[in-house]
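When the count follows UniProt numbering, it moves up by one through the sequence shown with no breaks and lands on 117 for the last residue. From the three backbone atoms N, C-alpha and C, an ideal C-beta is built for every residue, glycine too.
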Amino acid sequence: MRGQDGAGESVGSCKAHKSTVWTVRHLPQNREIFVTCGGGGTLCLWKYNYPEKRTKEDGDGDLMGVAGSVTLLQNVTLSSQPISSFDWSPDKQGLAVCTAFDQTVRVIIATKLSNNL
C-alpha cells in the first residue's frame, strides 16, 4: 500500500508491551530474530517471518513490497522499571546484556534460538 506521497506506510502492528518501547535489537547471527525492551520492564523476543512473495504489482503495474509477519517467541518481565538499553554479543549467540532504571545490569542467556530459524 502506498501513502499519498508514494512512500510506504504501516500495514499493521503487534502489541506486546503495555508501555513505551525503549529499544529494538536484532540478533547479530540471525536478523530474523529481534528483541524489544519496554518501559514496563519487559523484554520480548520476536521472529520476523518473510512473506512467500516479497513483491506484488499494484493497480498501475508497479512493483511494491509485501510485509511479512512477526511471531512473539517469549515475553518476560525483568524489572519494575524501564529497560533502557540492550545489546547482543556479536560472538556468542544468545548472550546479551541489558540495563534498567532500577540501576541493575543484567546478563541474559537466551537458549533454543537455533530452533526458531
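- A Cβ-Cβ distance of about 7 Å is found for the pair residue 70 and residue 49, placing them in contact under the 8 Å criterion.
- Runs of the beta strand (DSSP E) lying entirely within the segment 12 to 47, each at least 3 residues long, are 21 to 27 and 30 to 38 in chain order.
- Taking the C-beta atoms as reference points, residue 27 is found no nearer than 7 Å to residue 46.
- Apart from sequence neighbours up to five positions away, the residues of its chain that approach residue 96 with a beta-carbon distance below 6 Å are 88 and 108, ordered along the chain.
- For residue 63, the enclosing beta strand (DSSP E) has its first and last residue at 63 to 65.
- A direct Cα-to-Cα measurement between residue 18 and residue 39 gives close to 8 Å.
- In the DSSP assignment, residue 85 falls within the unbroken beta strand (DSSP E) covering 83 to 88.
- For residue 69, the three-state secondary structure derived from DSSP is strand.
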